[in-house]
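**Q** One structure, as structure tokens, below. Some questions next.
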Amino acid sequence: GEVVTWGFYGFGGDSSAVADRLAAGVTSIVPTDMAFAALKEAGEVVTWGFYGFGGDSSAVADRLAAGVTSIVGNRVAFAALKEAGEVVTWGSAHSGGDSNSVQHRFAAGVLS
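In the working numbering, the protein residues as written are 1 to 112.
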């Protein structure tokens, strides 16, 4: 489906920067307190909202371009599970958005 947003831009109410990517094919949306992540049919993730709360996924965009099966969020970060069991995280580094120190454990085989 298509995503339509409204409200305060700093809390994810303005998705105009990614509107073309939200025009069709969205299957689910997950929030943090000030950002959103949309999962598309082909497994692509599209994010918008406050960058510090997961609205900016540019650091991991290549890993979110395809193959994502599910997304979860806490108040300030997201985690995406990919088809091969890899976990990709972004958002507030202090609250789960930076998993670099344990990434070797999340490279494959995670089931849910």
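For every residue, glycine included, the Cβ atom is placed at its ideal position computed from N, Cα and C. These numbers were taken from a predicted model, which means no experiment stands behind them.
Taking Gly52 as the reference, which of Asp98, Val26, Val30 has the closest Cα?
**A** Asp98
**Q** Which ranges would you report for the alpha helix (DSSP H) in the region 40 to 107 if only whole runs of at least 4 residues count?
**A** None, since the region 40 to 107 contains no complete alpha helix (DSSP H) of that length.
**Q** Per the DSSP calculation, Ser28 is bridged to which residue(s)?
**A** Leu39
**Q** Taking just the CA atoms, how far does Ser58 sit from Phe50?
**A** Going by C-alpha positions, Phe50 is about 13 angstroms away from Ser58.
**Q** Count the other C-beta atoms from every protein chain shown that fall within 10 angstroms of the C-beta of Val113, then say buried if there are 16 or more, exposed otherwise.
**A** Nothing can be reported for residue 113, as the shown portion of the chain is limited to 1 through 112.
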